[in-house]
């Protein structure tokens, strides 16, 4: 058997191939290793991102499926604000309002100009914080102590204080009002033969003639107010459940949102006589006495700081103070009235509480 040298072996390889020293690296080995390393890095990064998104997804799903009747869009906005995305939401809302301004001119829908009284007396919904208006005057407020729930006691026969006369009709800003515009309609059970609340609709100004807004007037001598917390805001503990008690619902006249979210209201809150968030002197304040009587005005001026209250809610600053419009509204600072575009020129649906000039 004849020996074969290395040179002869290299000449007997398949065409197009060449011998490679076992100690050497093929030209494409390094790129293959780099590609494999990149794939591993991307895979681990994706796993880390997925792990981080799990609690975020759970939080978002809980926000979408929690109690209440808000739309998915409203719940998404609230969730985003709760997770440090308030500035992004403000920017998106501002641009949306700029593109979707209120219609100018036209006539109101004849089927939508009257007050929706049925909606005002429907079963209550759970909202961030709610003010409830009922028709029975309390004989004992059952004010809370510590963490014990407050249990209001109401009398079956109502001792009503001196009743206020129904308000005068609101004047339409247009020369020709639509049918019933500004005229009050009483609703709710009669109290000593008279309604405790009246509702109407009226157009906001001459320019937006196709839009009507709802206005409700309550007789503070015939009804009582009470503030309820939301499901998650303000933070627990509370002295009452986050909804109107079932026994009180048969006399419930209305329920409306408590205003801006507490951490964005530039103000404080008392609930059951306990300070939930520090009060701010000069803030627009809606206070409720132990007897359910409302008090509205500046904290420290019209609303005494040393008063005795069941609950108090503050929201930014007064829009109208002693009949005079707040001049700072033209500059659109956030601590005056939200973030609604330069000089507050963006029309946004809002709710508000006021008191007539005659008290």
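Numbering (my numbering), first residue to last: 806 to 1164. Note that the Cβ used here is the ideal one computed from N, Cα and C, for glycine as well.
Take residue 1112 and list the residues in its own chain whose beta-carbon comes closer than 8 Å to its own, dropping the five residues that flank it on each side. Within the chain shown, numbered from 1, the residue matching residue 1112 stands at position 307. Contacts found: 1092, 1094, 1100.
Find out if the Cβ-Cβ distance for the pair residue 1126, residue 1071 is shorter than 9 Å. Here residue 1126 corresponds to residue number 321 of the chain shown, with the count starting at 1. Here residue 1071 corresponds to residue number 266 of the chain shown, with the count starting at 1. For residue 1126 and residue 1071, no; Cβs fall outside 9 Å.
Report, in whole angstroms, the separation of the C-beta atoms of residue 885 and residue 894, which I expect to be a contact under 8 Å. Along the chain shown, one-based indexing puts residue 885 at 80. Along the chain shown, one-based indexing puts residue 894 at 89. Correct: roughly 5 Å between the Cβ atoms.
Which residue or residues does DSSP assign as beta-bridge partners of residue 1099? In the chain shown, the residue the question calls residue 1099 occupies position 294. DSSP, once it has assigned bridges, lists 1093 as partnering residue 1099.
Could you tell me the boundaries of the beta strand (DSSP E) in which residue 1119 lies? As a position in the chain shown, residue 1119 is number 314, starting the count at 1. Looking at the DSSP string, the run of the beta strand (DSSP E) that includes residue 1119 is 1114–1119.
Could you tell me how far apart the beta carbons of residue 1008 and residue 977 are, in whole angstroms, since I believe they sit closer than 8 Å? Numbered from its first residue, the chain shown carries residue 1008 at position 203. Numbered from its first residue, the chain shown carries residue 977 at position 172. Contact flag correct, Cβ pair sits at about 6 Å.
Taking contact to mean 3 or more Cβ pairs, one atom from each stretch, closer than 8 Å, check whether the segment 1014–1034 and the segment 842–860 are in contact. no
Distance, Cα to Cα, residue 1158 vs residue 1134? Taking the chain shown and counting its residues from 1, one reaches residue 1158 at position 353. Taking the chain shown and counting its residues from 1, one reaches residue 1134 at position 329. The straight-line gap from Cα to Cα measures roughly 17 Å.
Return yes when the Cβ of residue 1108 is within less than 9 Å of the Cβ of residue 1166, no when it is not. Residue coverage of the chain in this structure runs from 806 to 1164, which leaves residue 1166 outside it and unanswerable.
Secondary structure at residue 994, three-state DSSP: helix, strand or coil? On the chain shown, residue 994 is found 189 positions in, with the first residue counted as 1. Residue 994: strand per DSSP, three-state reduction.
Nearest by alpha-carbon distance to residue 988: which of 1003, 996, 1163, 994 is it? Start at 1 with the first residue of the chain shown, and residue 988 comes out as number 183. Of the candidates 1003, 996, 1163, 994, the one whose C-alpha sits nearest the C-alpha of residue 988 is 1003.
Please confirm whether residue 1102 and residue 1089 have their CB atoms less than 9 Å apart. The residue labelled residue 1102 in the question sits at position 297 within the chain shown. The residue labelled residue 1089 in the question sits at position 284 within the chain shown. Cβ distance < 9 Å, so residue 1102 and residue 1089 count as in contact.
Which partner residues of residue 1018 appear in the DSSP bridge assignment? Translated into positions along the chain shown, residue 1018 becomes position 213. DSSP output for residue 1018 lists 1007 as bridge partner(s).
According to DSSP, residue 1076 sits in a beta bridge with which residue or residues? Along the chain shown, one-based indexing puts residue 1076 at 271. Note: residue 1076 sits in a beta bridge opposite 1079, 1116.
From residue 902 to residue 1151, what does the alpha carbon distance come to, in whole angstroms? To locate residue 902, count along the chain shown from 1; it is residue 97. To locate residue 1151, count along the chain shown from 1; it is residue 346. If you take the alpha carbons of residue 902 and residue 1151, they lie about 6 Å apart.
For residue 846, collect the residues of the same chain with a Cβ closer than 8 Å to its Cβ; drop the 5 residues on either side in sequence, then sort them by chain order. Here residue 846 refers to the residue found at position 41 when the chain shown is read from its first residue. Cβ within range, chain order: n/a, list empty.
Measuring only the C-alpha atoms, how far is residue 1154 from residue 1073? The residue given as residue 1154 occupies position 349 in the chain shown. The residue given as residue 1073 occupies position 268 in the chain shown. So the alpha carbons of these two residues sit roughly 24 Å apart.
Where does the unbroken alpha helix (DSSP H) through residue 893 begin, and where does it stop? Numbered from 1 along the chain shown, position 88 holds the residue referred to as residue 893. Note, residue 893: alpha helix (DSSP H), 891–904.
Three-state secondary structure assigned by DSSP to residue 999: Within the chain shown, numbered from 1, the residue matching residue 999 stands at position 194. Three-state DSSP puts residue 999 in a strand.
Assumed close pair residue 913, residue 1017 - CB separation to whole angstroms, cut-off 8 Å: Counting from one through the chain shown, the residue named residue 913 turns up at place 108. Counting from one through the chain shown, the residue named residue 1017 turns up at place 212. The Cβ separation is near 5 Å, so the contact holds.
Buried versus exposed call for residue 874 [16 or more other C-beta atoms within 10 Å across all chains shown]: Looking up residue 874 in the chain shown gives position 69. Residue 874 is exposed by the Cβ-count criterion.
Where the alpha helix (DSSP H) through residue 886 begins and ends: Taking the chain shown and counting its residues from 1, the one referred to as residue 886 is at position 81. Unbroken alpha helix (DSSP H) run through residue 886: 877–887.
Where residue 888 and residue 854 are concerned, what is the direct C-alpha to C-alpha distance, given to the nearest angstrom? Locating residue 888 in the chain shown gives position 83, where the first residue counts as 1. Locating residue 854 in the chain shown gives position 49, where the first residue counts as 1. Each residue's alpha carbon lies about 18 Å from the other.
When 1020, 1069, 1104, 1098 are compared against residue 972, the one with the closest alpha-carbon: As a first step, residue 972 is located in the chain shown; it is residue number 167 there, counting from the start. Ranking the options by Cα distance to residue 972, first place goes to 1020.
What do you reckon, are the CB atoms on residue 1060 and residue 1051 nearer than 9 Å? Walking along the chain shown from the start, residue 1060 turns up at place 255. Walking along the chain shown from the start, residue 1051 turns up at place 246. No, they are not a contact pair.
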